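Okay, structure first, notes after.
Residue numbers (the numbering used here): 38 to 415.
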């Protein structure tokens, strides 16, 4: 296996290889798939300190992309001249694990991490909210994993007994409230639910989500997907049917007009939550909760879906509907030459303080705004 750095131009030239890797990743991550990343590159841009690391598996004349990671390079972090690789994260990238091919996961991960050591000059690898394989992977090029902020987010694993799950696992209070609100919405007109995955219906659902989000509190704060022309262009480019990642949208409509929309990304048989919006003039009838209840059944009834990752922060209301959990944590590991014990202690403590401060500021802000964060934003 061969490690190589790739430019944005290099990536455009290998999209078929990239799509194949994204669909066969050991830990699927649609936010690092070509449709999403190239849309971001075209509409929003590419920071100078973001680099793409790749691992290629060559047999004769055949080449296959077996690993890909998007990383920031910091030459100074935590007040120390410790050269650090950290996950490329922004407001639209919610999952940060590298793409590593499932069939060659161990060898591809080893080649990726070895390449990051950059000729033996030590670095630190910092992966935000990474799943277990990132800090459990045994690799001679990596030091021990130092875990910061371990947490669990809501998930939904495929089951055969859909009715049984809906009756016994979904919170009785949530189910009763949602069913009551469903009846109240139906009293207002023709209430319909559908899931769309292809054709112009996907574009219509994405536009409905943008409309609802712009009309709500995110629009007033200027943080909706349609609040700026660049972000809107990115959303329309990234959330297209027929590309990688695939798009799946749940739509709740009243008399033909969407009142709640959930846009999800699909990769490797898994569904990942991206954005949800609802008509806030109907908040007493909670169309968002009704959408969650109906969408949960739709996911379980779709036998092509292995599971769903909410991508939500701990404590989100979806936890009363989706009972499975995905463990994750921010992970710090040395690459190449080990970092001295005092520096390791300082690095971990400083990153912990920084993360706690950021979380506290976000909590205070959302409390003051009387709003809840519904997805994990970087």
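Ideal Cβ positions, reconstructed from N, Cα and C, are used throughout, including at glycine. Computed from a predicted structure; not experimentally measured.
Excluding the 5 residues flanking it on each side, residue 346 has same chain C-beta neighbours closer than 8 Å at 132, 190, 192, 307, 308, 309, 310, 363, in chain order. For the pair residue 317 and residue 297, the Cα-to-Cα distance works out to about 9 Å. Under the three-state reduction of DSSP output, residue 185 falls in the strand class. Residue 216 has its alpha-carbon roughly 48 Å from the corresponding atom of residue 145. For residue 128, the closest alpha carbon among the candidates 225, 272, 358 is that of 272.
Counting along the chain, residue 209 sits inside the alpha helix (DSSP H) bounded by residues 209-223. Straight across, the Cα-Cα distance linking residue 361 with residue 194 is about 7 Å. Looking at the DSSP output, residue 94 bridges to 101. Separation of residue 395 and residue 100 (C-alpha to C-alpha, rounded to the nearest whole angstrom) is 43 Å. Note that the C-beta distance between residue 55 and residue 87 is not below 8 Å. Spatial neighbours of residue 247 in its own chain (CB-CB distance under 6 Å, excluding positions within 5 residues in sequence) are listed in chain order as 262, 263.
In the structure shown, the three-state DSSP call for residue 232 is strand. Contact check for residue 392 against residue 368 fails: the beta carbons are separated by 8 Å or more. Within the model, the alpha-carbon separation for residue 151 versus residue 219 is close to 54 Å.
Boundaries of the alpha helix (DSSP H) harbouring residue 273: 266-275, taken from the DSSP string. Comparing C-alpha distances from residue 330 to each of 382, 153, 276, 214 shows the shortest one belongs to 214. In the three-state reduction of the DSSP assignment, residue 381 falls in the helix class, which pools H, G and I. Distance check between residue 83 and each of 166, 107, 187 places 107 closest, using alpha-carbon atoms only.
In this structure, the CA atom of residue 163 is about 20 Å from the CA atom of residue 142. Straight-line spacing of the CA atoms in residue 95 and residue 294 works out to 52 Å. By the neighbour-count definition (other C-beta atoms within 10 Å, threshold 16), residue 76 is a buried residue. No Cβ-Cβ contact shorter than 8 Å links residue 73 with residue 149. Your pair residue 372 and residue 153 checks out as a contact, with CB atoms roughly 5 Å apart and the cut at 8 Å. Straight-line measurement puts the Cα of residue 250 at about 28 Å from the Cα of residue 338. By the criterion of a C-beta distance shorter than 8 Å, residue 365 is surrounded in its chain by 166, 167, 168, 169, 187, 188, 189, 190, once the five residues flanking it on both sides are discounted.
Distance between residue 93 and residue 227, taken at the CA atoms: about 53 Å. Judged by DSSP in its simplified three-state form, residue 171 adopts helix. Around the beta-carbon of residue 340, fewer than 16 other beta-carbon atoms lie within 10 Å, marking it exposed. For residue 312, the secondary structure class from DSSP, reduced to helix, strand or coil, is strand. Pairing residue 358 with residue 230 gives a Cβ-Cβ distance that is not under 8 Å. For the pair residue 103 and residue 292, the Cα-to-Cα distance works out to about 48 Å.
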